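Novice: Once you've had a glance at the structure underneath, I'll fire off some questions.
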Amino acid sequence: MSGDVEGDLKLAELVARGPSFAARFAAEECQPSRRVWESVPSVQAATALFLVEHHRLPVEDLGPEVLRDWVMLTGACLRDVLEQERRQELSARGETDPAALRPVPQKWIQQAQTRREFFPYLTARADALFWAAVHSGIAEQSPPLPELPRLLSWLLRENRTDRARARAYVLASLDAAQRPGDRLVWLQLLAGTDPGQLALSDAELLQAAAQLAGVISIGEGQIVETLVPRLIAIVPEQDLPDVAVPGLVARTKKAQRAVLAALLARPRPEAGIARDVASAVEPLVEGSGPLASAAATLLAAWGLDAPPPRQPERGSRGRWRPTPDVWTPPPLREGPASVQRLTELAGMLHHRQRFGGDAITERFLADLVELAHTDPAVPLSGLRGFARSEVSELRELTELATVRASPLAVWRPEPDVVNERNRVVIQGLGRVPLLLSTPSTVDLSITAADLLANLDLYQRKGLSAEPNDVMMALTRLDPATVGAAERAALEASAVLVDSGDAQIPMRVGQRALHYLEDPVQEPPLVPHAGYERLWPGHATWPESLRGFPQTAPLLFAGTGHVVGSLFPRWSDAVTATSGYSSTWEMVPLWEQAVRRATPLSPGTASNLVALARLAPGSRAAELGQALDDAWSRGLLRPGAFDLALIDWLPHGRASLAALSRVLLDVAERGAAAYSWGFLDALLLDSAGASRLYPGTAQLADAMADLAPDAAEAVRAGLVGPEALRVPGLRAVAAKGGSAAAVRAAREAVAVLVEVSAEVPGVSDGG
């Protein structure tokens, strides 16, 4: 199966043990605790499923976790199969795939080849296994498995499953999906016309109309564009309002225009039906542009009068508040440790699916170590409920609590300093009374006083210190808390660094002093060689850390959690590693970023704002809270933005319309002083182009909305006359013509000119 002779010999030994062993092996190894994350197969899934298929174990006897592994592993193999087909099609047309030109490790190529070879074996009973997996309940688990729609599409393409059954399942999945991306996948499978898609006929769509009402009412543009115009063309007249009105309040203008066009193409309904639909059309007439024109055209075609246009109501709403002073981060610990609080912290880590890099993790570890030093069984008793957690550290603690033996070790993260320290903590519960690297405050810094107190306890108990724990204590030590007295005490401390059987001949206190003189320096951002984005440059490992684990090559291999955990005073080198592809994973990083002791840099502040425009659902609320915290703690300072660093793209330009919405939301939270300058800088950038960028109208409208607040802030003395200068707003207002952006900019400038005349000593800031 693997191409590895030794591995195949071992596999043959397992096969020879028969079907009963195969069933036990699959049941034992296909478990949540054997997975790196909940969304990937168990470590031994390939072996287990090979045995299942070799012995043709009855599908009905396979448990949900075995079926879950089948879905994930088969989906991964299918991805490689489809990728190979795509490249073969390109080659047949004489085209080259740009991705094929990138250097790829030989190991990855071999793994993909193995998966492709394994695919026919996994799919011999694909239809039966797929539906068994669906009925086992794994399809309703969260997060949803992206392999399910991919596998169903393949089954449809190969004509290996019942179409009516598939249609019913896709409709139910579309209705139940919680995330926009998941809904889009099921929508494409339902309505798409490519091979492997259901291509619903008009009759089938009409039959499913009632079931689709809920998902249409969400108002997502792609769903409305795909379904509502087709339904408008085929539904009976009496049902027209039920279909058209939800479509007319869609979230995108493009979708609304598609609905209006479909209504215009249909014969005029009777008067009562027309009035019901027109109630949702009339608000679209307001303003100008293609949407308002299309709405007015429809009303005229139906013989209905358009309502008179309304002007937006502008006025000061108290959104310009004084910028808060920079906070002092509070202590990390919140009283003595308790099992109840430990369980609550574990629940927070489980909910966010991320362990490490922030104050919540450090609180959890500090309480765990304190409780375990008296009796390791005490803290473990509160963690028995996390056997299925996606957080591997919680699963491993559950394993210790339940004393479950297994032929496999629990998966552990990559061996960087932070994860190694965590591993040593978990495996050595009870050995030490506290961690030297436990932060003093929530920004993850350690004061010299706390480090000295902890070293004193180690010395009295005759303990040596674990190297990874010591190294994290050094990189977290706040130099501002180290005076002459603290230096003398560190020099006198006799606690040694322990390295297994032999102690490294160095004392913690002396190494701390050495590190203060020779710390790791934060590297600047540079264009990444493999990604089209900015990335931290090479971090030089100083002489002061000689003898400690070499972490430099791993620092920027993944996300910024490790970097931020090690270096709490670093800035862009931490947050620039926070990709947008997995926003859920990045939320803890940004929550920690707004616990820092100093204001956010322009790059970090800009990207905290920019990320908020991309976050879905609950993540948007969490990032909104991070923005609130940044402002209330004095970390989000007016003027702290850099257009060239948005999305960490070199000279990139984000969607101005989306940014304007986020910045207006930031202003609504009381931070108009921050949004005002950021909006103006975006306008100035647009005004300097040969043509105004798309979205400039929304920027100008946002400033027109905030202008009364800015004027009131100048009148009240909350801000000086510099708030009236706004060169970007004035540059757009000075342009000729009557474009929406120009009109909104002129409206805003008029408000500011009025202030100049009212307030003594303030001139028109132009």
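Reminder that position 718 of the sequence shown reads as 718 in the UniProt record's numbering, one-by-one numbering, no gaps. All C-beta atoms, glycine included, are put in the ideal place defined by N, C-alpha and C. Being a predicted model, the structure only gives us computed values, none of them experimental.
#1: Can the beta-carbon of residue 27 be found closer than 8 Å to that of residue 63?
#2: For residue 307, report the span of its beta strand (DSSP E) as first-last.
#3: How is the alpha helix (DSSP H) around residue 170 delimited, first residue to last?
#4: Measure how close the beta-carbons of residue 744 and residue 700 come, nearest whole angstrom, since I'm counting them as under 8 Å.
#5: Locate the alpha helix (DSSP H) running through residue 241, then write down its first and last residues.
#6: Among residues of its own chain, excluding the 5 on either side of residue 339, which ones have a beta-carbon nearer than 8 Å to its beta-carbon?
#7: Starting from residue 70 and walking both ways along the alpha helix (DSSP H), at which residues does that stretch end?
#8: Am I right that residue 365 and residue 435 are in contact with their C-beta atoms under 8 Å? What's the rounded C-beta distance?
#9: Among residues of its own chain, excluding the 5 on either side of residue 633, which ones have a beta-carbon nearer than 6 Å to its beta-carbon?
#10: Check residue 125 in the structure and name its three-state DSSP category.
#11: So what's residue 429 in DSSP terms, helix, strand or just coil?
#12: CB residue 673 to CB residue 719, shorter than 8 Å?
#13: Please go through the same chain and pick out, in chain order, the residues whose beta-carbon is closer than 7 Å to the beta-carbon of residue 15, but skip the five residues on each side of it.
#14: I think residue 282 touches residue 241, with their Cβ atoms under 8 Å apart; what is that distance to the nearest whole Å?
#15: So for residue 258, helix, strand or coil by DSSP?
#16: Take residue 394 as the anchor and find which of 354, 273, 358 has the nearest alpha-carbon.
#17: Within the same chain, show all residues whose beta-carbon is closer than 7 Å to that of residue 4, passing over the 5 residues directly before and after it, in chain order.
#18: Suppose contacts are defined by Cβ-Cβ distances below 8 Å. Is residue 292 in contact with residue 299 by that definition?
#19: In the DSSP assignment, the alpha helix (DSSP H) including residue 636 goes from what residue to what residue?
#20: Please classify residue 710: is it buried, with 16 or more other beta-carbons within 10 angstroms of its beta-carbon, or exposed?
#21: From residue 59 to residue 71, what distance separates their C-alpha atoms?
#22: Closest to residue 220 by CA distance: which of 246, 431, 80, 237 is it?
#23: Which stretch, first to last residue, makes up the alpha helix (DSSP H) that contains residue 155?
#24: Ordered along the chain, which non-local residues of its own chain (more than five positions away) have a Cβ less than 6 Å from that of residue 352?
#25: Look at residue 244 and residue 234 and say whether their C-beta atoms are less than 8 Å apart.
#26: With burial defined as no fewer than 16 other Cβ atoms inside 10 Å of the residue's Cβ, what is the status of residue 33: buried or exposed?
#27: Just grab the DSSP bridge partners of residue 35 for me.
#28: Can you give me the Cβ contacts of residue 437 inside the same chain, cut-off strictly under 6 Å, excluding the 5 residues immediately before and after it?
#29: To the nearest whole angstrom, what separates the beta carbons of residue 508 and residue 465, a pair I think is in contact under 8 Å?
#30: Could you give the distance in angstroms between the alpha-carbon of residue 24 and the alpha-carbon of residue 461?
#31: Would you say residue 697 and residue 644 are within 8 Å of each other, going by their C-beta atoms?
#32: Could you give the C-beta distance for residue 684 and residue 703, rounded to a whole number, given that I count them as a contact under 8 Å?
#33: Looking at C-alpha atoms only, which residue of 373, 195, 185 is the closest neighbour of residue 767?
#34: Between which two residues does the alpha helix (DSSP H) carrying residue 479 extend?
#35: Quick check: the stretch 476 to 483 against the stretch 423 to 435, are at least 3 beta-carbon pairs closer than 8 Å?
#36: Let's test the definition: count the other Cβ atoms within 10 Å of the Cβ of residue 6 and tell me whether it reaches 16, buried, or not, exposed.
Specialist: Per the coordinate set shown:
#1: Sequence index remark: in the sequence shown, residue 27 carries index 27 (1-based). Sequence index remark: in the sequence shown, residue 63 carries index 63 (1-based). Yes, Cβ-Cβ distance for residue 27 and residue 63 is below 8 Å.
#2: Numbered from its first residue, the sequence shown carries residue 307 at position 307. Careful: residue 307 lies outside any beta strand (DSSP E) and carries neither H nor E.
#3: Within the sequence shown, residue 170 is the residue found at index 170, counting from 1. That run of the alpha helix (DSSP H) goes 163 to 176.
#4: Counting from one through the sequence shown, the residue named residue 744 turns up at place 744. Counting from one through the sequence shown, the residue named residue 700 turns up at place 700. Here residue 744 really is in contact with residue 700; their C-beta atoms are around 4 Å apart, less than 8 Å.
#5: As a working mapping, residue 241 is identified with position 241 in the sequence shown. Taken as a continuous stretch (DSSP letters only), the alpha helix (DSSP H) holding residue 241 covers 240 to 248.
#6: Locating residue 339 in the sequence shown gives position 339, counting from the first residue. Non-local beta-carbon contacts of residue 339 in its own chain, meaning distances under 8 Å to residues more than five positions away in sequence, involve 371, 378, 379, 381, 382 in chain order.
#7: Taking the first residue of the sequence shown as position 1, residue 70 is located at position 70. Residues 64 to 92.
#8: Here residue 365 is taken as the residue at index 365 of the sequence shown, counted from 1. Here residue 435 is taken as the residue at index 435 of the sequence shown, counted from 1. Between the beta-carbon of residue 365 and that of residue 435 there is about 6 Å, and that keeps the pair under the 8 Å contact cut.
#9: Along the sequence shown, read from residue 1 onward, the residue named residue 633 stands at position 633. Closer than 6 Å at the Cβ level, and outside the excluded window around residue 633, lie 327.
#10: Looking up residue 125 in the sequence shown gives position 125. The answer is coil: DSSP assigns residue 125 none of H, G, I, E or B.
#11: Here residue 429 is taken as the residue at index 429 of the sequence shown, counted from 1. Coil, per DSSP.
#12: Residue mapping note: residue 673 aligns to position 673 of the sequence shown, counting from 1. Residue mapping note: residue 719 aligns to position 719 of the sequence shown, counting from 1. For residue 673 and residue 719, yes; Cβs fall inside 8 Å.
#13: Translated into positions along the sequence shown, residue 15 becomes position 15. Scanning its chain for C-beta atoms nearer than 7 Å, with the 5 sequence neighbours on each side dropped, one finds around residue 15 the residues 51, 54, in chain order.
#14: Within the sequence shown, numbered from 1, the residue matching residue 282 stands at position 282. Within the sequence shown, numbered from 1, the residue matching residue 241 stands at position 241. In fact, because the Cβ distance is near 14 Å, the residues do not count as touching under 8 Å.
#15: Within the sequence shown, numbered from 1, the residue matching residue 258 stands at position 258. Under the three-state reduction of DSSP, residue 258 is assigned to helix.
#16: On the sequence shown, position 394 is the one that residue 394 refers to. Closest by alpha carbon: 354.
#17: For the purposes of this step, residue 4 is taken as the residue at position 4 of the sequence shown. Only weak support exists for where residue 4 lies, its pLDDT of 44 falling under 50; the value from the coordinates is given anyway. None.
#18: Here the question's residue 292 lines up with position 292 in the sequence shown. Here the question's residue 299 lines up with position 299 in the sequence shown. No. Outside cutoff.
#19: Taking the first residue of the sequence shown as 1, we reach residue 636 at position 636. Following the DSSP letters along the chain, one finds residue 636 in no alpha helix (DSSP H), marked with neither H nor E.
#20: Here the question's residue 710 lines up with position 710 in the sequence shown. The residue is buried, with at least 16 neighbouring Cβ atoms inside 10 Å.
#21: Against the sequence shown, residue 59 aligns to sequence position 59. Against the sequence shown, residue 71 aligns to sequence position 71. Cα to Cα, the separation comes out at about 13 Å.
#22: On the sequence shown, position 220 is the one that residue 220 refers to. With respect to the C-alpha of residue 220, the residue from 246, 431, 80, 237 having the closest C-alpha is 246.
#23: Here residue 155 refers to the residue found at position 155 when the sequence shown is read from its first residue. Note, residue 155: alpha helix (DSSP H), 147 to 157.
#24: Residue mapping note: residue 352 aligns to position 352 of the sequence shown, counting from 1. By the criterion of a C-beta distance shorter than 6 Å, residue 352 is surrounded in its chain by 588, once the five residues flanking it on both sides are discounted.
#25: To locate residue 244, count along the sequence shown from 1; it is residue 244. To locate residue 234, count along the sequence shown from 1; it is residue 234. Note that the C-beta distance between residue 244 and residue 234 is not below 8 Å.
#26: For the purposes of this step, residue 33 is taken as residue 33 along the sequence shown, with counting starting at 1. So residue 33 counts as buried.
#27: Counted from its first residue, the sequence shown places residue 35 at position 35. Under the DSSP definition of a beta bridge, residue 35 partners with 42.
#28: As a first step, residue 437 is located in the sequence shown; it is residue number 437 there, counting from the start. Counting only Cβ-Cβ distances below 6 Å, and skipping sequence neighbours, we find 469, 472, 473.
#29: Against the sequence shown, residue 508 aligns to sequence position 508. Against the sequence shown, residue 465 aligns to sequence position 465. Right, the Cβ-Cβ distance comes to about 5 Å (below 8 Å), so this counts as a contact.
#30: Sequence index remark: in the sequence shown, residue 24 carries index 24 (1-based). Sequence index remark: in the sequence shown, residue 461 carries index 461 (1-based). One alpha carbon belongs to residue 24, the other to residue 461, and they sit about 47 Å apart.
#31: Numbered from its first residue, the sequence shown carries residue 697 at position 697. Numbered from its first residue, the sequence shown carries residue 644 at position 644. Contact annotation: residue 697 and residue 644 have beta-carbon atoms that are not nearer than 8 Å.
#32: Taking the sequence shown and counting its residues from 1, one reaches residue 684 at position 684. Taking the sequence shown and counting its residues from 1, one reaches residue 703 at position 703. Contact flag wrong, Cβ pair sits at about 11 Å.
#33: Residue numbering for the chain in the displayed model covers 1 to 766; residue 767 lies beyond these limits and cannot be assessed.
#34: Walking along the sequence shown from the start, residue 479 turns up at place 479. Segment: none, residue 479 is in no alpha helix (DSSP H) and carries neither H nor E.
#35: Segments in contact, no.
#36: For this step, residue 6 is matched to residue 6 along the sequence shown. Bear in mind that a pLDDT of 43 at residue 6, under 50, signals an unreliable position, so the number given afterwards is only what the model happens to contain. That one is exposed.
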